[in-house]
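S.K.: Heads up: the sequence lines are chains G and W, in that order. My numbering puts the first residue of the first sequence at 1, with every later residue one more than the last. My numbering puts the first residue of the second sequence at 1001, with every later residue one more than the last. First, the structure itself, so that you have it in front of you.
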Amino acid sequence: MQKKLILDTDLLDITISRLCQQLIENHGSFSETVVIGMQPRGIYVAEIIHQKLEKLVKKNIPLGYLDATFHRDDFRRREIPVKANETRIEFTIEGKQVVLVDDVLFTGRTIRAAMDAMITFGRPKKVELLVLIDRKYTRELPVAADYVGKAVNTLSSQRVLVELEAQGHKQNKIWLINKD
Amino acid sequence: MSKLSQKHLLGIKNITREDLELIFETAENFKGVLNRPVKKVPSLRDITIANVFFENSTRTRLSFELAQKRLSADVINFSASNSSVKKGETLLDTVNNILAMKVDMIVMRHASPGAPHFLAKHINANIVNAGDGTHEHPTQALLDAFSIREKLGSLAGKKVAIIGDILHSRVALSNIFALQKLGAKVMVCGPPTLLPKFISQLGVEVELDVRKALLWCDVANVLRIQLERQQIKYFPSLREYSLYYGINKKLLDSLKKPILIMHPGPINRGVELSSDAADSAHSIILDQVENGVAIRMAVLYLLAGANA
Chain G
1 MQKKLILDTD LLDITISRLC QQLIENHGSF SETVVIGMQP RGIYVAEIIH
51 QKLEKLVKKN IPLGYLDATF HRDDFRRREI PVKANETRIE FTIEGKQVVL
101 VDDVLFTGRT IRAAMDAMIT FGRPKKVELL VLIDRKYTRE LPVAADYVGK
151 AVNTLSSQRV LVELEAQGHK QNKIWLINKD
Chain W
1001 MSKLSQKHLL GIKNITREDL ELIFETAENF KGVLNRPVKK VPSLRDITIA
1051 NVFFENSTRT RLSFELAQKR LSADVINFSA SNSSVKKGET LLDTVNNILA
1101 MKVDMIVMRH ASPGAPHFLA KHINANIVNA GDGTHEHPTQ ALLDAFSIRE
1151 KLGSLAGKKV AIIGDILHSR VALSNIFALQ KLGAKVMVCG PPTLLPKFIS
1201 QLGVEVELDV RKALLWCDVA NVLRIQLERQ QIKYFPSLRE YSLYYGINKK
1251 LLDSLKKPIL IMHPGPINRG VELSSDAADS AHSIILDQVE NGVAIRMAVL
1301 YLLAGANA
């Protein structure tokens, strides 16, 4: 199994800072913006971004977690069903600008399911997508991210492994893994 | 694991503790769904479910139907009273005719113990037992255990007394299996004529005095006196039953301790439970009903997933 480092702690820091600046450029005071992290792994990225954003704009920004398991299109088509996680959105998204956050954008199917799951909470004014890693050339649906940490050329057979301190790892590291 | 060990939910006796935990975790997430503005998910949109009820039911049937609709399944309802069963059609023929219309899942209530087990051997569809005679009522036990878990955190080491007509109760048997698998201690309490003879072999304590049972337990699950199943007299009169085994607010207050009161419904108010006890702060009866939909969603969802 070959492992290639895509992002290390220092680079990840710089990348997250850049993403925050881009968000501030487009959302200004964040008065009408909410951040929603995708379960199970996007929530860690969302927490890091959210913490940094609150420090930069010096105000509270609503943060929620969204689980799209029940809206997936591969239910009953997988050998082992995906396990559901907690959804926690304790604010209204009606008329708000939503920034959806996930760790890796791969086929785009999770994001499709997420948008379905999200609109059961209301009709947002605008939805944007932020991902840490954008895997190019692997999309199965017309989904694109508005904010990208790093775009990587990958094959469908490869896997992107995100290790974050928040998940209990020693250092923030993102790997590209060849399954052979 | 995110998959059940079983293809059917026939009873609590043959499912594992891991299955129970998985159902509870999934039900928690569905409870979240039920509190959203849009209380519906598309998971079972390609599934058709038949609710086949050979015995009367309000709560269970409505709860199943609502759970199915919240999961976007197609639902057909069948009740024996206005069907060809009256013309002498057998159970297997009836169900096979329903399945010929491309139905994926059967939710069945039947007066004969073991009817869903019989069906499971002969047909190729997921079966959910919604009560078979005096045998099991698994989804009721699941929602009871889920409701206790929600209020007390965990079942391990908790004491639960099941009070009333144990002899005719499928709820009692399923509850005993579920609670024991989750590590709770179980006591049954009722008049000797309404306690099965060898019940203590299931590892439950037996108590004849309702006050002692209430003093012992953290949770009292009060069962209905099943007037329709009492062909012979098991006790002299309802008035006498209510005098010796009825639970009222005065009795609960005299215990001077926190206690949860549950009832699977329908309540015979003034018989096993007085109105002031059923509507008191101890009572979690309406929480049970609310949780029933989430639990049934979880069961149907997981069984459909196990099929893939």
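A virtual CB, placed ideally from N, CA and C, is assigned to each residue, including glycine.
1. Within 7 Å of any Cβ in chain W, is that where the Cβ of ALA68 (chain G) sits?
2. Are there 16 or more other CB atoms within 10 angstroms of the CB of ARG1239 (chain W), so buried, or fewer, so exposed?
3. With DSSP as the reference, identify every bridge partner of GLN158 (chain G), one or two as the case may be.
4. Please report the distance separating the alpha-carbon of LEU1286 (chain W) from that of ILE1047 (chain W).
5. At the level of alpha carbons, what is the spacing between VAL201 (chain G) and ARG1149 (chain W)?
6. Determine the burial state of GLY37 (chain G): buried for a count of at least 16 other Cβ atoms within 10 Å of its Cβ, exposed for fewer.
7. Pick helix, strand or coil for ASP1287 (chain W), following the three-state DSSP scheme.
8. Helix, strand or coil for LYS96 (chain G)? Go by DSSP, reduced to three states.
9. Just the Cα atoms here: how many angstroms apart are LEU1143 (chain W) and ILE119 (chain G)?
10. Of the choices W:ARG1070, W:HIS1168, W:GLU1065 and W:ILE1015, whose alpha-carbon is the least far from that of ARG1036 (chain W)?
11. Please report how far the alpha carbon of LEU1062 (chain W) lies from the alpha carbon of PRO1196 (chain W), in whole angstroms.
12. Name the residues in the region 73–85 of chain G whose C-beta lies less than 8 Å from a C-beta of chain W; which are they?
13. Run through DSSP, which three-state label would VAL1085 (chain W) get?
14. Within the chosen definition, does the region 1127–1135 of chain W reach the region 1020–1028 of chain W through at least 3 CB pairs nearer than 8 Å?
15. Could you name the residues that DSSP lists as bridge partners for ASN75 (chain G)?
16. Quick check on the burial criterion: 16 or more other C-beta atoms within 10 angstroms. Buried or exposed for ASP73 (chain G)?
17. Distance, Cα to Cα, VAL143 (chain G) vs ARG1296 (chain W)?
18. Label LEU1020 (chain W) either buried or exposed according to how many other C-beta atoms from any shown protein chain fall within 10 Å of its C-beta, with 16 as the threshold for buried.
19. In chain order, what residues of the same chain have a beta carbon less than 6 Å from the beta carbon of GLU79 (chain G), not counting five sequence neighbours either side?
20. Going along chain G in order, which residues have a C-beta closer than 9 Å to the C-beta of ALA1294 (chain W)?
21. Quick test of your reading: ALA1161 (chain W) and LEU1214 (chain W), contact by CB under 8 Å. State the CB separation rounded to the nearest angstrom.
22. Between the alpha carbons of LEU1173 (chain W) and THR1090 (chain W), how many angstroms are there, rounded?
23. Would you please state the rounded distance, in angstroms, between the beta carbons of PRO1191 (chain W) and PHE1235 (chain W)? I believe it to be under 8 Å.
24. Do the region 1121–1132 of chain W and the region 167–179 of chain G make contact, defined as three or more Cβ pairs closer than 8 Å?
25. When the distance is taken between beta carbons, is ILE1049 (chain W) closer than 7 Å to ALA1073 (chain W)?
26. How long is the line joining the alpha carbons of LEU1022 (chain W) and GLY1292 (chain W), rounded to whole angstroms?
27. For the alpha helix (DSSP H) that contains GLU1028 (chain W), what are its first and last residues?
28. Between the Cα of ALA1294 (chain W) and those of W:VAL1038, W:ILE1015 and W:GLN1068, spot the shortest distance and give me the residue it belongs to.
29. Let me check understanding here. Comparing Cα to Cα, which of W:GLN1140, W:ASN1051, W:ALA1130 and W:LYS1013 lies closest to MET1262 (chain W)?
30. Would you call the CB atoms of VAL1204 (chain W) and VAL1222 (chain W) closer than 7 Å?
31. Can you tell which of G:LEU105, G:PHE121 and G:ASP146 has the C-alpha that lies nearest to the C-alpha of VAL162 (chain G)?
32. Return the CA-CA distance between THR69 (chain G) and VAL82 (chain G), expressed in angstroms with no decimal places.
33. In three-state DSSP terms, what is CYS20 (chain G)?
34. Could you tell me the distance, in whole angstroms, from the CA atom of SER1169 (chain W) to the CA atom of LEU1034 (chain W)?
35. Does any residue of chain G bring its CB to less than 7 Å from the CB of THR1026 (chain W)?
36. Does the structure place the region 124–142 of chain G close enough to the region 152–168 of chain G that three or more beta carbon pairs sit under 8 Å?
M.R.: A quick look at the data gives this:
1. no
2. exposed
3. G:ASN178
4. 29 Å
5. What the structure shows of chain G is the stretch from 1 to 180, and residue 201 (chain G) is not part of that stretch, so it cannot be assessed.
6. buried
7. helix
8. coil
9. 29 Å
10. W:ARG1070
11. 31 Å
12. PHE75, ARG76, ARG77, ARG78, GLU79, ILE80, PRO81, VAL82, LYS83, ALA84 and ASN85
13. helix
14. no
15. Strictly speaking, residue 75 (chain G) in this sequence is Phe, with Asn absent from that position. Partner(s): none; PHE75 (chain G) has no beta bridge.
16. exposed
17. 34 Å
18. buried
19. none
20. Correct list: empty, because the minimum Cβ distance to chain G is about 12 Å.
21. 7 Å
22. 27 Å
23. 5 Å
24. no
25. yes
26. 16 Å
27. 1017–1034
28. W:GLN1068
29. W:GLN1140
30. no
31. G:LEU105
32. 7 Å
33. helix
34. 30 Å
35. yes
36. yes
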